[in-house]
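As structure tokens, the structure follows; a few thoughts come after it.
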């Protein structure tokens with residue numbers, strides 16, 4: 291799994307001042323791939339475009355947008371990638387029913403306005419801790435599968451572990467670099483029996 295700072299960030303915020311504040315501070319925290327949209331429709335389109343590349347951006351979502359409400363936007367983002375982390379920015383209190391609903395429906399974090407930079411940093415640090423735990427879990431599962439399999443493709447690893455190539459490839463590269471596994475010749479797999487679509491798969495095996 292790539293470092294958190296290597297992830298793309300999507301800011302959906304209609305206030306240019308707040309958008310610039312978020313972007314500048316996230317830049318200082320190490321994030322480089324930051325996209326900004328000023329309404330919900332553009333935000334959803336940008337999110338879908340990013341996910342077609344196999345990436346899952348970290349999303350900062352303004353609660354009050356001119357064209358759509360935050361719950362509707364978040365629901366559509368989650369339908370595309372249920373693992374997306376959506377941070378809701380709002381001046382409303384966390385105890386308000388409308389905010390409780392958004393959190394209950396899957397918002398990752400609540401960011402109060404006026405925005406405090408320390409809170410953004412706190413959220414990022416929490417994400418880093420969570421991702422390090424997830425990465426170790428994926429690493430252990432990949433090693434376990436490899437040690438009990440003669441050979442396996444990246445496609446099969448992704449399917450067995452229900453993870454994306456983006457999450458697994460860094461671990462595979464680390465294992466290859468440490469000579470724990472060996473990449474062998476690629477093979478062609480028939481992906482669709484009706485149209486004979488062929489997918490090339492990278493194959494790996496444990497040399498022990």
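Residue numbers (this note's numbering): 291 to 498.
For glycine and all other residues, C-beta sits at the position ideal for the given N, C-alpha and C.
Predicted model, so just to flag it, every value in this text is computed and none were measured.
Per DSSP, reduced to three states, the secondary structure at residue 352 is strand. The segment 365-376 makes contact with the segment 345-355: 3 or more CB pairs, one atom from each, lie closer than 8 Å. As DSSP reads the structure, residue 298 sits in no beta bridge. In this model, residue 322 and residue 296 are separated by some 7 Å (Cα to Cα). In the three-state DSSP reduction, residue 399 falls in the strand class (E or B).
When DSSP reads this structure, residue 370 sits in no beta bridge, so it has no partner.
Between residue 470 and the set 452, 445, 437, 456, the nearest pair of CA atoms involves 437. Contact check between the segment 381-394 and the segment 357-367: three or more CB pairs, one atom from each, fall below 8 Å, which counts as touching. Just so you know, the alpha carbons of residue 473 and residue 417 end up roughly 32 Å apart. By a beta-carbon distance limit of 8 Å, residue 353 contacts residue 379. Their separation comes to about 7 Å. According to DSSP, residue pairing for residue 326 in a beta bridge involves 301. Judged by pairs of C-beta atoms under 8 Å, the segment 331-341 touches the segment 300-315, as three or more such pairs exist. When the Cα atoms are used, residue 432 and residue 452 turn out to be separated by approximately 12 Å. Setting aside the 5 residues that flank it on each side, residue 403 is surrounded in the same chain by 379, 380, 381, each with a C-beta closer than 7 Å to its C-beta; the list follows chain order. By the CB criterion at 9 Å, residue 401 and residue 409 fall inside the cutoff. Around the Cβ of residue 344, a 10 Å sphere holds fewer than 16 other Cβ atoms; the residue is exposed. Here the alpha carbons of residue 312 and residue 407 stand approximately 8 Å from one another. The criterion of a C-beta distance shorter than 9 Å is not satisfied by residue 307 and residue 325. By the neighbour-count criterion, in which 16 or more other beta carbons inside 10 Å mark a residue as buried, residue 309 falls on the buried side.
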